[in-house]
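Numbering (the working numbering), first residue to last: 65 to 158. All C-beta atoms in this analysis are idealised placements derived from N, C-alpha and C, irrespective of residue type, glycine included. On a predicted model such as this, the values are computed, not experimentally measured, just so you know. To start, the structure itself, in structure tokens.
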Amino acid sequence: MTAYANVASATPDGDWSRGYGHMMWSGGHGLLGGLMMLVFWGVIIGLIVLGVRSFSGRSDAPSGSSALDILKERYARGEIEEDEYERRKANLER
65 MTAYANVASA TPDGDWSRGY GHMMWSGGHG LLGGLMMLVF WGVIIGLIVL
115 GVRSFSGRSD APSGSSALDI LKERYARGEI EEDEYERRKA NLER
């Protein structure tokens, strides 16, 4: 079995328009095709990363509880006494 490799071939007089042509000029996609392939795979990989982040349940956003809210919750649960609550609240409101 003989394997043949087809290369961009011009006729002996330099005519690239027949046959497969040269990739940069007439037959293929050249640099634009390579760039579009990179853009395509970049979009695919970006979508995968976004999907994994959204389904992971991890959030980089703050929880929204301020220190004063946490202090109020601790006082409401009875973890701290009223005098400690008032002292810490005064420190936080400075």
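For residue j and residue i, believed in contact at Cβ under 8 angstroms, the rounded distance
i, j, result
"ALA131", "LEU156", "5 angstroms"
Three-state secondary structure (DSSP) of residue i
i, result
"PRO121", "Note on identity: in this sequence residue 121 is Gly, with Pro being the wrong assignment. Of the three classes helix, strand and coil, the one that applies to GLY121 here is coil, per DSSP."
"ARG138", "helix"
"ILE144", "coil"
"ARG151", "helix"
Rounded separation between residue i and residue j - CA only
i, j, result
"LYS136", "ASP147", "13 angstroms"
"TRP105", "GLY121", "25 angstroms"
"TYR149", "TYR139", "7 angstroms"
"MET101", "SER129", "45 angstroms"
"ILE108", "ASP133", "42 angstroms"
"VAL103", "GLY110", "10 angstroms"
"ARG158", "ARG152", "10 angstroms"
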